[in-house]
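One rule links them: number in the numbering used here = place in the sequence shown (from 1) + 53.
Backbone N, C-alpha and C define an ideal beta-carbon position, used for all residues, glycine too.
Worksheet for the structure shown next.
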Amino acid sequence: MLATLVAWGCGGGETGGGTGAPRTDSAGRGGTVVVAARAEIPGVNPLVAPPDYFASQIERYVLLMPLVQLGPDLQPEPWLARSWDLRADSSQVVFHLRDDVKWQDGQPVTAGDVAFTFRKAKDPDVPFPNRAYFDRWDSVKVEGPHTVRFWLRPYSQFLFGWTQVPIVPEHVLGDVPDSALASASFNATSPVGDGPFRFVIHEQGDRWVFEANPDFPADLGGPPRVDRIVYRIIPDESTELTELERGDVDLYLKLPPDQLSTVRADTSLDVLTFPSPTYAFVAWNTRRSMFSDARVRRALTMAMNRRQILQTVQAGLGSVATGPLGPWHWAYDTAWRPIPYAPDSARALLAAAGWTDTDGDGVVDLNGRPFRFELLTNPSQTRQDIAVMLQADLARVGVDLVPRTREMASLGQAIQSSKRLFDAFLLSWTEDMVIDDRDYWACDRRDDPLQFSGYCDPTLDAIMDSIPRALDRDRKRRLLRRYAEMVEEAQPFTFLYNQDGAVALRRSLRGVSVDVRGELRTAARWWLVPRSR
């Protein structure tokens, strides 16, 4: 989880025939789309590849097929599975697979592949990085070439794991020992897929190349319109932008905020933005007396000019946060409003909690103790800039914030150790699409590594315990909203802003649609304007 804390990252944006756009005669066919990313991916075998944002998208949207996919409302929709039957007590589910999907080597995709993928995901000897997806799934039985039955313990998001973990071929990986799976050629040099694109070549540290799968089922959109996708690794942001501008790159992933104005000024380029599940926050150690009062925590939030921070470090890409649930999520309430920037009200709240400047030194105090604390963060320039702005904001209400930078290993040790060696810290967090935040707030987990703030409310615990068991979507929405409202009211974190993602692309590339499900989600529907390449 610590990796998600340090990563700065989804309505969505689209251009020229995005999600659901019909194929028309005016849409071009053929050509190569070059996608630029800053880092190599660790492989494309979902059973063993370390968690990686873009590797997961290549697995699910380019090379392989999951059983189900997420629709626009984040509800599961058929994909490799034509349909499924859920037993009335939710203890069994039967998937009925398509019978027209083949692996790249011509072998049919069968229920045996599904069972194999599941068994390997559950095998403790396999370093599957997402084992929690199937914690409540117990066993599997193949009931026919395209029928597979599972036994599970009921919970509301039972299908989510199958939207994230694509099926792998048993006939390719079945004879590979568990101990050798992580080094198998399937991972990076000869993967065999069944998705809309087929693997061609991987040049380590330089590129992955995929070509259109001519056998991809017509019911699922048929063969892609472009001939090839080249996923290029270009570590330098300036080089990425230069290659986009001169036409050597078609799609630039993770556009930095400081390049936004340059791209928008170029008439040959487009920018697509989308709400992401990443937010920046300050965590308060409520075990320490100065942060134990909710009035104080709220006052500190009111003293922070979060909109100015968002504009400064993100070029306005995002929104001032209203709590742990962001605009990307289906349960988000558009009526929510952020706690206002109100320094005068912040001073009044601090005074109501006993913090006043009794000695005239400009810093409020309580029982002779000045309100002075350290804010830990890591060496990211963005976070250091935020820390300086927060220091100035809080000084205006008489609070002395002292920024302290630590390398991530040292910072992680301080905030996760049982001694909780911090006053407050500043980081970012990428929320899971299935919201289950008991690790962060539950009373019975106060000593666990991720219960940073030490905040505890038995009423909140009861709501969080109910969320995974809520099978009815409307009930789940109500519970999620109540959860988010209670956390926002208590302010164990100050939620600074929700971050938007952004991509840049050449206007000649059409059919791109981006949202929380990913930037590569519509790769099979991309097309190039004729004669553009």
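### Task
May I ask you to verify whether the region 469–477 touches the region 415–424, counting CB pairs closer than 8 Å and requiring at least 3?
With the cut-off at 8 Å, the region 469–477 and the region 415–424 do not touch.
### Outcome for T387 when other beta-carbon atoms lying within 10 angstroms are tallied against a minimum of 16
Classification of T387: exposed, given that the 10 Å Cβ count is below 16.
### Message
Could you pull the DSSP bridge partners for N551 from this structure?
### Response
The bridge partners DSSP lists for N551 are Y332 and S372.
#### Entry: Enclosing alpha helix (DSSP H) for E93 [first to last residue]
Premise fails: E93 is in no alpha helix (DSSP H) and is neither H nor E.
### Task
Return the CA-CA distance between R172 and V146, expressed in angstroms with no decimal places.
Each residue's Cα considered, the two are about 16 Å apart.
### Task
Express the C-alpha separation of F269 and V162 in angstroms, rounding to a whole number.
Rounded to whole angstroms, the separation of the alpha carbons of F269 and V162 is 12 Å.
### Task
Tell me, please, whether the region 408–419 touches the region 448–458 by the rule of three or more beta-carbon pairs shorter than 8 Å.
Enough Cβ pairs lie closer than 8 Å, so yes.
### Query
Is the distance from the Cβ of V487 to the Cβ of F213 below 8 Å?
Cβ distance < 8 Å, so V487 and F213 count as in contact.
### Query
Name the DSSP beta bridge partners of Q122, please?
BP columns for Q122 point to E130.
### Message
Can you list, in chain order, the residues of its chain with a C-beta nearer than 7 Å to that of P103? Leave out the 5 residues immediately preceding and following it.
### Response
Same-chain partners within the cutoff: P95 and P182.
### Given V179 as reference, the closest of A168, D158 and D231 once Cα atoms are compared
Nearest of A168, D158 and D231 to V179, Cα basis: D231.
### Task
Taking L513 as the reference, give the member of D525, D500, A495 and R522 with the closest Cα.
Of the candidates D525, D500, A495 and R522, the one whose C-alpha sits nearest the C-alpha of L513 is A495.
### Query
R578: buried (16+ other C-beta within 10 angstroms of its C-beta) or exposed?
With 16 or more other Cβ atoms within 10 Å, it is buried.
### Query
Do you know offhand how far R530's Cα is from I520's?
Their Cα atoms are separated by approximately 9 Å.
### Query
Looking only at DSSP bridge pairs, what is K155 linked to?
Beta-bridge pairing by DSSP links K155 to P161.
### Message
With a threshold of 7 Å on Cβ separation, who are the neighbours of W132 within its own chain once the five nearest residues in sequence on each side are excluded?
### Response
Once the five neighbours on either side are set aside, the close Cβ partners of W132 are M118, P119, L120, V121 and Q122.
### Task
Please state whether DSSP places W261 in a helix, a strand or coil.
W261 falls in the strand class under three-state DSSP.
### Message
Quick check: the Cα distance between T483 and M461, rounded to an integer number of angstroms?
### Response
About 16 Å.
### Task
Helix, strand or coil for E572, going by three-state DSSP, please let me know.
Secondary structure at E572: coil, using DSSP grouped into helix, strand and coil.
### Query
Based on the DSSP output, what are the partners of K194 in its beta bridges?
Beta-bridge pairing links K194 to R202.
#### Entry: CA-to-CA distance, L325 to E560, given in whole angstroms
One point to set straight first is that residue 560 is Arg, not Glu, in the sequence displayed. The alpha-carbon atoms of R560 and L325 are separated by roughly 11 Å.
### Task
Below 6 Å CB to CB, which residues in the same chain sit around G407 once its five sequence neighbours on both sides are set aside?
L419.
### Message
According to DSSP, is A477 part of a helix, a strand, or is it coil?
### Response
In the displayed model, A477 falls within a strand according to three-state DSSP.
### Query
Are the region 543–558 and the region 328–347 touching by the rule of at least three beta carbon pairs closer than 8 Å?
Contact between the region 543–558 and the region 328–347 is present, because at least three Cβ pairs lie under 8 Å.
### Query
Where does S136 fall in DSSP's three states?
Here S136 sits in strand by DSSP.
### Task
Could you pull out every residue in the same chain whose Cβ sits closer than 8 Å to the Cβ of D485, ignoring the five residues on either side in sequence?
In the same chain as D485, and ignoring 5 residues on each side of it, the C-beta atoms closer than 8 Å to its own belong to P330, in chain order.
### Where N358 falls: helix, strand or coil (DSSP)
N358 falls in the coil class under three-state DSSP.
#### Entry: In DSSP terms, what P456 is bridged to
Its beta-bridge partners are L428.
### Task
Can you grab the Cα-Cα spacing for the pair L533 / L503, in whole Å?
Here the alpha carbon of L533 sits roughly 20 Å from the alpha carbon of L503.
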